[in-house]
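Undergrad: Using the working numbering, read the sequence shown as starting at 194 and increasing by one per residue.
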Amino acid sequence: MSILLPKPLTRRSAMRGMLGSTAIAVGMPFLDCFLNNSGTALAATGAPIPTRFGTWYWGMGHTPGHAVVEKRQTQMGIDFLEECEALNAIKHKVNYFGTFGMPLDGRSNYTHWSGWVANRTGTAPMRVNEIPTVTLDLIVADHIGAGSRFKTLDASAIGIARENYSARNTDSRGAADPSPVSLYARVFGPDFMDPNKADFKPNVEVMLRKSVLSAFNDSNKEYIKNLGAADKARLDEYFTSIREIENQLAHQLEKPAANEACLVPPAPKNPDVDGVSNVREVPVVTETHKVMAKLMAMAVACNQTKVFNMVFTDNFATWRKKGETYTHHLVTHEELVDEKLGYQPIAFYFNKACMDGWATYLQTFDAIKEGDGTLLDNCLIFASSETNYARLHTIDGVPVYLGGKAGGKMKSGMHVVGGGDPITRVGFTAMKLMGVPLEKWGTASLQTSKVISDIYA
Numbered sequence: 194m195s196i197l198l199p200k201p202l203t204r205r206s207a208m209r210g211m212l213g214s215t216a217i218a219v220g221m222p223f224l225d226c227f228l229n230n231s232g233t234a235l236a237a238t239g240a241p242i243p244t245r246f247g248t249w250y251w252g253m254g255h256t257p258g259h260a261v262v263e264k265r266q267t268q269m270g271i272d273f274l275e276e277c278e279a280l281n282a283i284k285h286k287v288n289y290f291g292t293f294g295m296p297l298d299g300r301s302n303y304t305h306w307s308g309w310v311a312n313r314t315g316t317a318p319m320r321v322n323e324i325p326t327v328t329l330d331l332i333v334a335d336h337i338g339a340g341s342r343f344k345t346l347d348a349s350a351i352g353i354a355r356e357n358y359s360a361r362n363t364d365s366r367g368a369a370d371p372s373p374v375s376l377y378a379r380v381f382g383p384d385f386m387d388p389n390k391a392d393f394k395p396n397v398e399v400m401l402r403k404s405v406l407s408a409f410n411d412s413n414k415e416y417i418k419n420l421g422a423a424d425k426a427r428l429d430e431y432f433t434s435i436r437e438i439e440n441q442l443a444h445q446l447e448k449p450a451a452n453e454a455c456l457v458p459p460a461p462k463n464p465d466v467d468g469v470s471n472v473r474e475v476p477v478v479t480e481t482h483k484v485m486a487k488l489m490a491m492a493v494a495c496n497q498t499k500v501f502n503m504v505f506t507d508n509f510a511t512w513r514k515k516g517e518t519y520t521h522h523l524v525t526h527e528e529l530v531d532e533k534l535g536y537q538p539i540a541f542y543f544n545k546a547c548m549d550g551w552a553t554y555l556q557t558f559d560a561i562k563e564g565d566g567t568l569l570d571n572c573l574i575f576a577s578s579e580t581n582y583a584r585l586h587t588i589d590g591v592p593v594y595l596g597g598k599a600g601g602k603m604k605s606g607m608h609v610v611g612g613g614d615p616i617t618r619v620g621f622t623a624m625k626l627m628g629v630p631l632e633k634w635g636t637a638s639l640q641t642s643k644v645i646s647d648i649y650a
């Protein structure tokens, strides 16, 4: 008696099986069935201005006692100290959240990891490098992302594409544009449609891409019948991304509504760097961020996206002072506390530069007039770090800010005292302000169903 062994599937055979004899070049994800056992081989007129959601990330938190004056109760007015003095110019459009807790329920505090993951997903990771569930920006994007060209836009001023704090899970972490030039090309390149140009003609290449993806998407049902559960889940996620791309292309075939806030910026140049030797030095990162902030703000104003993420510095803060070798992260470990100042002066220098960057980002959005207010007024920007005091790796009291006014739905200029409540209350409140229909968010001790009503307008 002979035993017939199933013929192994390959990426090439999968394409043929799905698309027949039609030669269409569309990449496929690596499924389990392609690998060996060890997995090692092979705004319409008259419509209200939409509220947009963004995130802004910086590494290493604050310098305790030198960033924000702590308060005993929630109240209007934020008292910024020297580390955050740049925020004084825009503090009337910012809310600060302090003394919120981050309970891990016995799980380890994986330094510079657990803090950002728990804060953005509502779940503490069980191991380092795990992202247990979807981040809050993508939850918002799933709710409001339709009707714009990009479901999300992601950029990294530190120049590391993989260091983006937006993910569906551990294996599905979004990449960020690592330079102003790449961000400009993505948004304002050949596929960009200026909403204020009188003549509109659909791009033939865009129409072709849309038809190709439609054929590809419609052909997958028969193929997935023979896949295992893990591959079906992975392929379903993949085809979801295909549908999202198709929706983006469909948006490009429609004439955009005129938008006086949309002014196409000139193409930027990458900052003057000596190869890669100084790409992560403070002056270069700061200048890169300024350019990216302008590009991102105009992308939002031009309705290219409703959800956007900016990384100022990564969770290990790999930037350094000009001409130095020690990074911000290493300084927090190695530098002695100055007895007179009461803090690490070089670490403080980096922390202050981060807050200067946060102020710049907010002011860039606030400089664009939109309707009766500004672009910032019509945004809600969630800014956070992964630690409170980097020298001790503390995660209780991780600083969080909400910038903007959420289209008039949020009060601003408030100092909100958490009193040890789970930090997920801030993210949950942000998502509710964006209209996400959640009854609760988070798991275990991080789970919450309580909004911070004090900031509701």
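Every residue gets a Cβ at the ideal spot worked out from N, C-alpha and C, and that includes glycine. Only a predicted model underlies this, so the values are computations on that prediction, with no experimental measurement involved.
By DSSP, does Ile351 sit in helix, in strand, or in coil?
TA: Note: Ile351 maps to coil in three-state DSSP.
Undergrad: On the CB-based measure, 16 or more other CB atoms within 10 Å of its CB, does Met503 come out buried or exposed?
TA: It is buried - the Cβ of Met503 has at least 16 other Cβ atoms within 10 Å.
Undergrad: Following the continuous beta strand (DSSP E) through Phe575, name the residue where it begins and the one where it ends.
TA: From DSSP, the beta strand (DSSP E) with Phe575 extends over Cys572 to Ser577.
Undergrad: Can you list, in chain order, the residues of its chain whose CB lies under 6 Å from that of Asp570, leaving out five sequence neighbours each side?
TA: Here the set comprises Lys598.
Undergrad: Could you round the C-beta distance between Ile588 and Ser307 to whole angstroms and report it? I think they count as a contact, below 8 Å.
TA: Going by Cβ atoms, the distance from Ile588 to Ser307 rounds to 6 Å, so yes, they are a contact pair.
Undergrad: Kindly indicate the opening and closing residues of the beta strand (DSSP E) around Ala145.
TA: Residue 145 lies beyond the stretch modelled for the chain, which goes from 194 to 650, so this question has no answer here.
Undergrad: Alpha carbon to alpha carbon, what distance is there between Lys344 and Leu331?
TA: Approximately 9 Å between the Cα atoms of the pair.
Undergrad: Measuring straight from C-alpha to C-alpha, what distance separates Ala637 and Pro458?
TA: So the alpha carbons of these two residues sit roughly 46 Å apart.
Undergrad: Are Tyr536 and Thr267 close, meaning C-beta to C-beta below 7 Å?
TA: No, Cβ-Cβ distance for Tyr536 and Thr267 is not below 7 Å.
Undergrad: Rounded to whole angstroms, how far is the Cβ of Cys547 from the Cβ of Trp251, which I believe are closer than 8 Å?
TA: Contact holds; Cβ gap of about 4 Å.
Undergrad: Let me confirm a value: Val530 is counted as buried when at least 16 other C-beta atoms fall within 10 Å, else exposed. Which label applies?
TA: With fewer than 16 other Cβ atoms within 10 Å, it is exposed.
Undergrad: Below 8 Å CB to CB, which residues in the same chain sit around Ala540 once its five sequence neighbours on both sides are set aside?
TA: Contacts found: Met253, Thr256, His521, Val524, Thr525, Glu528, Ala583 and Arg584.
Undergrad: Leaving aside the five residues before and after Asp647 along the sequence, list all residues of the same chain whose C-beta is less than 6 Å from its C-beta, in chain order.
TA: Taken in chain order, the residues that qualify are Thr267.
Undergrad: Just the C-alpha distance for Glu474 and Pro630, rounded to the nearest angstrom, thanks.
TA: So the two alpha carbons sit approximately 42 Å from each other.
Undergrad: Would DSSP call Met491 helix, strand or coil?
TA: Reduced to three states, the DSSP call for Met491 is helix.
Undergrad: Nearest to Leu346 by CA position, among Met319, Val380 and Asn362, is which residue?
TA: Measuring from the Cα of Leu346, the nearest candidate turns out to be Val380.
Undergrad: With burial defined as no fewer than 16 other Cβ atoms inside 10 Å of the residue's Cβ, what is the status of Ser372: buried or exposed?
TA: That one is buried.
Undergrad: Mark Val262 as exposed unless 16 or more other C-beta atoms lie within 10 angstroms of its C-beta, in which case mark it buried.
TA: Burial call: exposed.
Undergrad: If you check the beta carbons only, do Ala486 and Thr557 fall under 7 Å apart?
TA: The answer is yes: Cβ separation under 7 Å.
Undergrad: Mapping DSSP to helix, strand and coil, what is Arg366?
TA: It is a strand residue.
Undergrad: Have a look at Arg265 and Tyr519 and give me their C-alpha separation to the nearest angstrom.
TA: Cα to Cα, Arg265 sits roughly 37 Å from Tyr519.
Undergrad: By alpha-carbon positions, which one of Val591, Glu356 and Met603 ends up nearest to Glu579?
TA: Comparing Cα positions, the closest option is Val591.
Undergrad: Within a Cβ cutoff of 7 Å, which residues of the same chain sit near His259, ignoring the five residues on either side of it in sequence?
TA: Cβ neighbours of His259 beyond the five flanking positions: Leu274, Glu275, Glu276, Tyr536 and Phe541.
Undergrad: Classify Ala282: buried if its beta carbon has 16 or more other beta carbons within 10 angstroms, exposed otherwise.
TA: Under this definition Ala282 is an exposed residue.
Undergrad: Please work out which residues of its chain come closer than 7 Å, Cβ to Cβ, to Ala490, disregarding the five sequence neighbours upstream and downstream, and give them in chain order.
TA: Only Thr557, Phe558, Ile561 and Leu568 meet the Cβ criterion.
Undergrad: Note down the Cα distance separating Arg245 from Leu595, rounded to an integer number of angstroms.
TA: Approximately 13 Å between the Cα atoms of the pair.
Undergrad: Say the cut is 6 Å; is the CB of Met489 nearer than that to a heavy atom of the ligand GDP?
TA: The ligand GDP is not part of the structure shown, which contains no ligands of any sort.
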